[in-house]
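*Asks:* In numbering that gives the first Met the number 0, the protein residues as written are 0 to 81.
Where is the CB? At the ideal position from N, CA and C, for every residue including glycine.
Take this structure first; my questions come after.
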Amino acid sequence: MSKEIREEVVLEFEKIISDDNVPKNIKSKIDNIITIFNEQTSKEVQTNKALQELEEISEESNMPDHVRTQLWGIVSLLESIQ
0 MSKEIREEVV LEFEKIISDD NVPKNIKSKI DNIITIFNEQ TSKEVQTNKA LQELEEISEE
60 SNMPDHVRTQ LWGIVSLLES IQ
């Protein structure tokens, strides 16, 4: 994963986490994805794990629509580097 895209993704995740309208369970899962980016694994593994987590998060029924849209944008960024 390129460093610039990774930084952009983490920045977008931090915006979501700081949003008071986002449920705690979703914030927790996003925080787990940020942790994945800090693991000592290959960038490909990190990207695949993040995409899997995002797929699970996207199925949450209590997710605000604007957050779902943000997550789709993040998924597009991650898929563009695979």
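Do I32 and E52 count as a contact pair if the criterion is CB distance below 8 Å?
*Replies:* Taking the first residue of the sequence shown as position 1, residue 52 is located at position 53. Taking the first residue of the sequence shown as position 1, residue 32 is located at position 33. Yes, Cβ-Cβ distance for E52 and I32 is below 8 Å.
*Asks:* Could you give the first and the last residue of the continuous alpha helix (DSSP H) run that contains V21?
*Replies:* Here residue 21 refers to the residue found at position 22 of the sequence shown. Note, V21: premise wrong, no alpha helix (DSSP H); not H, not E.
*Asks:* Decide if the segment 41-51 is in contact with the segment 60-68; the criterion is three or more beta carbon pairs, one per stretch, under 8 Å apart.
*Replies:* Because the criterion of three Cβ pairs below 8 Å is not met, the segment 41-51 and the segment 60-68 do not touch.
*Asks:* I need the boundaries of the alpha helix (DSSP H) containing S79, first residue and last residue.
*Replies:* Against the sequence shown, residue 79 aligns to sequence position 80. From DSSP, the alpha helix (DSSP H) with S79 extends over 64-79.
*Asks:* Here's the rule I'm using: 16 or more other beta-carbon atoms within 10 Å means buried, otherwise exposed. How should I80 be labelled?
*Replies:* Counted from its first residue, the sequence shown places residue 80 at position 81. Result: exposed.
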